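The next block holds one structure in the form of structure tokens; read it before the comments.
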Amino acid sequence: MSEEQRQKESEVVQEFKLEQDNELRFEVESKEKVTLEALLVQWQLNVLGPADVEEGFSQVCPLIYHYGYKEPGSNVMLYNLLVTKLAQTVAERMEANRQSRRENAVSGVIINTCGWVKGQGYQMLIHAAKAFEVDLIIVLDQERRYNELVRDLPETVKVVFQPKSGGVCFHAC
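Structure follows, in structure tokens:
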């Protein structure tokens, strides 16, 4: 480490202070540009329930994992790891909700996957189905994909083919 780097490090003054169990203060004196990212973490299992028609899903305790790439294929291993972690966390929340015996207890999830269903994309789709232990998959207007899923998934997974409704068309924006 050069003398200049040591001097820069010695100029940095850091102070951490936790106040009222919910506030973290961080002070930095530096001649260099400083970037600070904050993450608020709250653990509330009892806020689950159905989405409100007008307000949508509760944002009190959203479940978010940062992938960091624009496309799932950019880092398949990380993507699959996050899908597995998401599936485990969803299962834990659903179980906690079931145990709370609330009237509006969660009974399942709907998983909408991306349109990449060839090669690695198909393998990632199979991984998600297994990670979430799905029992029903609806395939929209792709008979070949339907047959592949019936072949590749356990018999306990019901795969349903749903043809596209008449009059549905795609428009380029």
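Residues in the sequence shown are numbered consecutively from 1, following the UniProt record's numbering.
We put the beta carbon where it would ideally sit given N, CA and C, even for glycine.
Just so you know, these numbers come straight off a predicted model, no measurement behind them.
Taking a cut-off of 8 Å for Cβ pairs, the stretch 130-138 and the stretch 84-101 touch, as three or more such pairs fall below it. Each residue's CA atom was taken as its position, placing Pro154 and Arg145 some 15 Å apart.
Nearest to Gly115 by alpha-carbon distance, out of Asp135, Tyr67, Val139, is Val139.
Counting every other CB atom within 10 Å of its CB across the protein chains shown gives Asn112 a total below 16, marking it as exposed. Assignment of Val90 by DSSP, reduced to helix, strand and coil, places it in the helix class. Residue range 158-162 is occupied by the beta strand (DSSP E) that includes Val160. Within its own chain, the residues whose Cβ lies closer than 8 Å to the Cβ of Leu63, once the five positions on either side in sequence are excluded, are Leu86, Thr89, Val90, Arg93, listed in chain order. Of the candidates Gly121, Pro163, Val117, the residue whose Cα lies closest to the Cα of Val76 is Gly121. For Ile126, the enclosing alpha helix (DSSP H) starts and ends at 120-131. When secondary structure is reduced to three states using DSSP, Leu140 falls in the strand class. With a cutoff of 8 Å on beta-carbon distance, Ile126 and Val157 are scored as not near each other. The alpha-carbon of Pro72 is positioned some 30 Å away from that of Ala96.
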